[in-house]
Amino acid sequence: MKLLIKVFKWAVISVSVIVIALFSYSYYLVKSFDTETLPVNHGKVNVELFLGKGEKQPLIVGFGGSEGGNAWASDHWKPQRDKYLAKGYSFLAIGYFGMEGTPEKLDRIALEGIHDAIAKAAQNPKVDGRCIAVMGGSKGGELVLTLGSHYKDIKAVVGIVPSHAVFTGLTDAMTTSSFTYQNKQLPFVPVPWSATPALLSGDLRKAFDIMLEDKSAVEKAVIKVEEINGPVFLISGTRDEFWPSAEMSDKVIERLKVKNFPYYYEHLAIEGSHNEPLKHFEKIDTFLDQHFKADQVNECRRK
């Protein structure tokens with residue numbers, strides 16, 4: 006019995022030491038992180054433009070999420086990309102961090118750098134620069150809603166498991182915004198110390214739930230989706246283990262209703278996890294065909 010008590014005490018002490026060490030290291034990262042100097046390659050992106058055979062092709066711009074790299078330029082997404090080309094679209098794949106020549110991490114990504122790349126692609130003779138749609142998943146969903154709210158030449162937005170507000174950048178310290186506009190950080194939902202245990206244990210959903218309890222910060226960081234200049238389609242997972250995409254998509258829809266958004270909008274909640282909506286691209290394709298490409302004959306209607 007005495008041996009068991011001794012072992013238990015040592016176990017408690019060991020765990021306590023580990024926890025203290027982890028919190029101390031986290032505190033050091035937060036305090037030592039440079040939040041003033043913009044990241045290396047700030048404003049630079051990786052782009053690859055895919056063109057079909059027709060003329061005046063509406064442009065779809067695709068973004069990945071927190072995995073980094075240029076997801077839509079990969080062989081994995083080639084079948085879906087080719088479907089769009091076969092339908093008469095052009096497709097621009099953009100990698101905005103985690104590649105050579107781009108920022109290393111998803112940290113203070115410049116909206117202007119991304120938009121400049123889109124505008125350049127729109128000048129291609131085969132592309133109909135009047136008709137631009139952006140599509141992104143997860144953090145890419147957060148990005149496309151933010152882009153659409155800042156640039157009027159974007160005429161449709163597709164957010165896959167997106168957020169309704171801007172969150173912290175994905176650095177070790179997590180003390181900066183994900184995005185900048187005109188070299189200034191966009192307001193973002195910070196990570197409170199109370200979320201640290203969830204982050205350290207890998208429970209991202211719990212961590213985001215804790216972050217969202219800061220109603221004041223969320224209100225400041227909320228994306229002004231009513232400024233988007235065209236239809237909006239959101240698709241989420243009802244049991245999203247990464248963050249509450251279904252609930253946050255509902256928040257986007259609520260805001261569009263309250264603001265009397267003049268264009269078509271829809272949120273489709275799919276039963277399943279964070280990745281489940283990726284199995285339902287036919288829903289996204291229908292939206293693009295009916296509410297984006299169909300407007301091309303009217304110069305995408307929105308000027």
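So in our numbering, the last spot in the sequence shown is 308, and the numbers never skip.
Quick reminder that beta carbons are idealized off the backbone N, C-alpha and C, glycines included.
Because the structure is a prediction, the values reported are computed rather than measured.
Item                                                                                                                                                                  : Value
Give the secondary structure of residue 192 by DSSP, where H, G and I count as helix, E and B as strand, and everything else as coil.                                 : coil
Return the CA-CA distance between residue 235 and residue 46, expressed in angstroms with no decimal places.                                                          : 31 Å
Can you find the residues in the same chain that come closer than 8 Å, C-beta to C-beta, to residue 28, ignoring five residues on each side of it along the sequence? : A caution first: residue 28 carries a pLDDT of 46, below 50, which makes its placement in the model too unreliable to give a value.
Under the three-state reduction of DSSP, which class applies to residue 93: helix, strand or coil?                                                                    : coil
Roughly how many whole angstroms lie between the Cα atoms of residue 65 and residue 183?                                                                              : 23 Å
My output table needs one value for residue 85: the three-state DSSP class, helix, strand or coil.                                                                    : helix
For residue 207 and chain B, any beta-carbon pair shorter than 8 Å?                                                                                                   : Absence of chain B from the displayed structure is noted, only one protein chain being present.
In or out: residue 242 buried (at least 16 other Cβ within 10 Å) or exposed?                                                                                          : buried
Note down the Cα distance separating residue 141 from residue 164, rounded to an integer number of angstroms.                                                         : 6 Å
Quick one: residues in its chain with C-beta nearer than 6 Å to the C-beta of residue 88, no 5 flanking neighbours on either side, listed in chain order?             : none
I'd like the span of the beta strand (DSSP E) that includes residue 135, first residue to last.                                                                       : 132-142
Kindly identify the DSSP beta-bridge partner or partners of residue 100.                                                                                              : 51
Can you tell me the Cα-Cα spacing of residue 195 and residue 91, whole angstroms?                                                                                     : 43 Å
Tell me the rounded alpha-carbon separation between residue 185 and residue 269.                                                                                      : 28 Å
From what residue to what residue does the alpha helix (DSSP H) around residue 202 run?                                                                               : 201-206
Write down the C-beta distance between residue 143 and residue 247 rounded to the nearest angstrom, noting that I regard them as a contact closer than 8 Å.           : 7 Å
To the nearest angstrom, how far is the alpha carbon of residue 3 from that of residue 290?                                                                           : Residue 3 is absent from the structure shown; the chain starts at 6 and stops at 308.
May I have a chain-ordered list of the alpha helix (DSSP H) segments no shorter than 4 residues that lie completely inside the segment 273-297?                       : 286-296
Tell me the DSSP bridge mates of residue 163?                                                                                                                         : 140, 238
The beta strand (DSSP E) with residue 66 in it runs from where to where?                                                                                              : 62-68
Am I right that residue 2 and residue 239 are in contact with their C-beta atoms under 8 Å? What's the rounded C-beta distance?                                       : Outside the displayed span of the chain (6 to 308) sits residue 2, for which this structure offers no information.
Look at the Cβ atom of residue 148, then the Cβ atom of residue 68, and state whether they are nearer than 8 Å.                                                       : yes
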